[in-house]
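Quick note: the sequence shown uses this note's numbering, first residue 42, plus one each step. A quick write-up on the structure given underneath.
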Amino acid sequence: MGIVSPETVRIGGQASDKADAIRQAGELLVQGGCVEPGYVEGMLAREATMSTYLGNGVAIPHGQNANRAQIRRTGISVLQLPDGVEWEPGEQAYLVIGIAASADEHVGVLSNLAEIIEDPDTTMQLARVTDPHEIVQRLNG
42 MGIVSPETVR IGGQASDKAD AIRQAGELLV QGGCVEPGYV EGMLAREATM STYLGNGVAI
102 PHGQNANRAQ IRRTGISVLQ LPDGVEWEPG EQAYLVIGIA ASADEHVGVL SNLAEIIEDP
162 DTTMQLARVT DPHEIVQRLN G
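Below is the structure:
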């Protein structure tokens, strides 16, 4: 099984603000069995100290080091927001990719994501697909 599955992808989502988007991405990780519920608060705390917006319409909220014990298995959630949500002033996030990675596994996870999201055309294509399996296939490589 890959690090992202159809159960951890929500297509056509909406978020009222950045915190709402983070909560939704975190809840997908909880429902997917990747993290314990407390991990979501760690994701919000991380965002309060450092923005997880990468550019090209992508944000990658994740917990803090203190939250690693709440990770059950490495996984990624994807909240697709076709209308976007303002992440930073003037910056819209269309893909909110929640990350849960134990130990140093996050380096490989981020490397895989970086290849996909460095191309704005690919990012916008993924922000518009209507089948979660397309996102799963692209992110799992």
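Beta carbons are placed, not taken as given, at the ideal position from N, Cα and C, and that holds for glycine.
Name, in chain order, the residues that DSSP records as bridge partners for Y94. A100
Is the segment 101-108 in contact with the segment 82-90, if contact means three or more CB pairs nearer than 8 Å? yes
Comparing alpha-carbon positions, which option in V71, S57, D58 and D61 lies nearest S46? V71
Give the C-beta separation of N120 and Q65 to the nearest angstrom, bearing in mind that I take them to be a contact with Cβ-Cβ under 8 Å. Note that residue 120 is Leu in the sequence shown, not Asn. The pair is a contact, with the Cβ atoms about 5 Å apart (cut-off 8 Å).
With DSSP as the reference, identify every bridge partner of V76, one or two as the case may be. I112
I need the boundaries of the alpha helix (DSSP H) containing E175, first residue and last residue. P173 to N181
Report, in whole angstroms, the separation of the C-beta atoms of A56 and V170, which I expect to be a contact under 8 Å. In fact, because the Cβ distance is near 18 Å, the residues do not count as touching under 8 Å.
Indicate the three-state DSSP secondary structure (helix, strand or coil) for P161 in the structure shown. helix
Close-in-space but distant-in-sequence residues of the same chain around Y135 (CB under 6 Å, 5 per side omitted): G98, L122, G125 and A168
Grab me the residues of R114's own chain with a C-beta within less than 6 Å of its C-beta, minus the 5 sequence neighbours each way, in chain order. C75
Residues near G67 by beta carbon distance below 6 Å, same chain, minus five either side: V81, M84 and G139
Helix, strand or coil for I44 per DSSP? coil
Should P130 be labelled buried (16 or more other beta-carbon atoms within 10 Å of its own) or exposed? exposed
Mapping the DSSP letters down to three states, classify G67 as helix, strand or coil. helix
For R87 and G104, what's the separation of their Cα atoms in angstroms? 6 Å
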